[in-house]
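Here is the structure we will look at.
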Amino acid sequence: QSDGGFTVTTCDLTTSKTNVGYFDHVIVCSGHFSTPNMPNFEGFERFPGRILHAHDFRDATEFRGKDVLIIGTSYSAEDIGSQCWKYGAKSITVSHRTAAMGYDWPTNWEEVPLLTKVDGQTAYFKDGSSKPIDAIVLCTGYLHYFPFMEDKLRLVTANRLATADLYKGVAFINNPKIHYIGMQDQWFTFNMFDAQAWWSRDVIMGKIDLPTQEVMISDVNDRVAREDAGQDDYDAIWYQGDYVKELIDETDYPSFDVEGACKVFKEWKGHKKKNIMTFRDNSYKSVITGSMAPIHHTPWKDAMDDTIESYLLN
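The opening position of the sequence shown corresponds to residue 95 in the working numbering, with each subsequent residue numbered one higher.
Given below as structure tokens:
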């Protein structure tokens, strides 16, 4: 609007009734792990098996006895591949674009370069190798997708710790009356979202003054450069921990042991590097209560009952 406000149109899907409201600020909290990134490779349209995104993965027993190809190397690839292995997949092949995950995988698990094409049930990879496959799981991440936002107000960023165009990771530099919450890749989750919400509230209430756009752009560039300078996951953990502390220091958000949480993340990551198939059997201490989580009653690889009832037997 000419007065700097926003027109927001909503639709009640139960009645199909449309409403129009006028607001001084808009805060986008819709997340960015719901719209799958779906790459297409030559031969997908003729592949006779199932192709699905991690978003739609539900039951690893579907892949028992099958040769499974996973495309991607982040948490979804680790978890889905491990689940398929646990429930009896014949083999797991993980195709990476830049680098292999590098864990000590079971003998029926292989990491290969990027997929180039699929011909029938044969997958071909960038190094010239090939392998028969029965199913393909795309662990290729998600898109920041805001179709309800006007183009000039829509955040466009990669999934990274330092989001593009957000001052302090929250205020949209092209129109700082628009705030985006939780748009970063994440080590911290709800504590970070809460700290961002506190900061957003204080900006809107006039407790925090925003600087010039030039300063905000410089802030974004500095955050990107600091993330890019990191060497490993441990640097990433501390990078986001420092970010959460920064937000807490600028508001009255209830403080907690951020450094302790970073140490827990580091310990957890160390367990993964030591043994990717047993790290889930470890227990960690809450930095809020100081209590240790109970160790699960059954080692992960032997716990075949995934129901909530079985989980709560502890």
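Glycine included, C-beta positions come from ideal geometry on N, C-alpha and C. Treat the numbers as computed from the prediction; the structure is a model and nothing was measured.
Anticipated Cβ contact below 8 Å, residue i with residue j, distance rounded
i: Y378; j: W394; result: Not quite, the Cβ-Cβ distance comes to about 15 Å (not below 8 Å), so this is no contact.
i: N131; j: G235; result: 5 Å
i: L247; j: N269; result: 6 Å
i: L255; j: Q278; result: 5 Å
i: D327; j: K262; result: With a Cβ gap of about 23 Å, D327 and K262 do not count as contacting.
i: K271; j: H119; result: 5 Å
Residues near residue i in its chain [Cβ-Cβ closer than 7 Å; skip 5 each side]
i: H390; result: D375, A397 and N408
i: K220; result: P207, L208 and T210
i: Y274; result: V122, L249, L260, V264 and F266
i: S294; result: I121, V264, H273 and I275
i: Q177; result: A154
i: K160; result: A183, K184, D228 and A229
i: F359; result: W281 and I331
i: C233; result: A148, I164, I165, G166, S168, S170, A171 and I174
i: F138; result: I145 and V212
i: Y337; result: G263
i: L107; result: none
Inter-residue Cα distance where the pair is residue i and residue j
i: A323; j: Y197; result: 24 Å
i: F157; j: M371; result: 18 Å
i: D173; j: F151; result: 11 Å
i: W332; j: N315; result: 18 Å
i: T192; j: G166; result: 10 Å
i: K180; j: L237; result: 29 Å
i: I402; j: A387; result: 17 Å
i: Q325; j: S385; result: 32 Å
i: T383; j: N285; result: 15 Å
i: T109; j: V188; result: 46 Å
i: N80; j: R320; result: Missing from the structure shown is residue 80; the chain here goes from 95 to 408 and no further.
i: V212; j: S128; result: 27 Å
i: C356; j: G335; result: 6 Å
i: E353; j: V381; result: 9 Å
i: H126; j: F240; result: 9 Å
i: V231; j: T216; result: 15 Å
i: R144; j: M195; result: 24 Å
i: E244; j: K301; result: 28 Å
i: I298; j: G364; result: 41 Å
i: L146; j: E344; result: 43 Å
i: D288; j: W199; result: 37 Å
i: H190; j: E205; result: 7 Å
i: A252; j: Y405; result: 35 Å
i: Q307; j: A258; result: 14 Å
i: D329; j: T283; result: 17 Å
i: M310; j: Y347; result: 22 Å
i: W292; j: S124; result: 17 Å
First through last residue of the alpha helix (DSSP H) which encompasses residue i
i: A289; result: F284 to I298
i: A171; result: Y169 to K180
i: E403; result: I402 to Y405
Spatial neighbours of residue i in its chain, beta-carbon cut-off 6 Å, leaving aside the 5 residues before and after
i: N113; result: T104
i: K366; result: F373
i: V162; result: C178, A183, I186 and A229
i: D296; result: I302 and T345
i: K225; result: T187 and A217
i: E136; result: K211
i: D351; result: V381
Range of the contiguous beta strand (DSSP E) that encloses residue i
i: K395; result: Segment: none, K395 is in no beta strand (DSSP E) and carries neither H nor E.
i: K211; result: L209 to D213
i: E205; result: W203 to V206
i: F138; result: Note, F138: premise wrong, no beta strand (DSSP E); not H, not E.
i: A229; result: A229 to L232
i: N411; result: Here the chain comprises residues numbered 95 to 408, so residue 411 is not present and cannot be evaluated.
i: R144; result: R144 to H147
i: C409; result: Shown here, the chain extends from 95 to 408; a query on residue 409 therefore has no answer.
i: I165; result: D161 to I165
i: H273; result: I272 to Y274
i: V120; result: V120 to V122
i: T187; result: S185 to S189
Chain D within 7 Å of residue i, Cβ atoms only
i: N408; result: Although the question refers to chain D, the structure presented lacks it and comprises just one protein chain.
Close beta carbons around residue i, own chain, < 8 Å, minus the five adjacent residues each side
i: S349; result: I342
i: Y116; result: Q95, G99, F100, T101 and V102
i: E340; result: K262
i: D399; result: none
i: A141; result: One point to set straight first is that residue 141 is Phe, not Ala, in the sequence displayed. Contacts found: V212, G214, Q215 and I230.
Which whole runs of the alpha helix (DSSP H) in the segment 313-352 are 4 residues long or more, in chain order?
327-343
For the segment 220-261, list the beta strand (DSSP E) runs that are entirely contained and at least 3 residues long, ordered along the chain.
224-226 and 229-232
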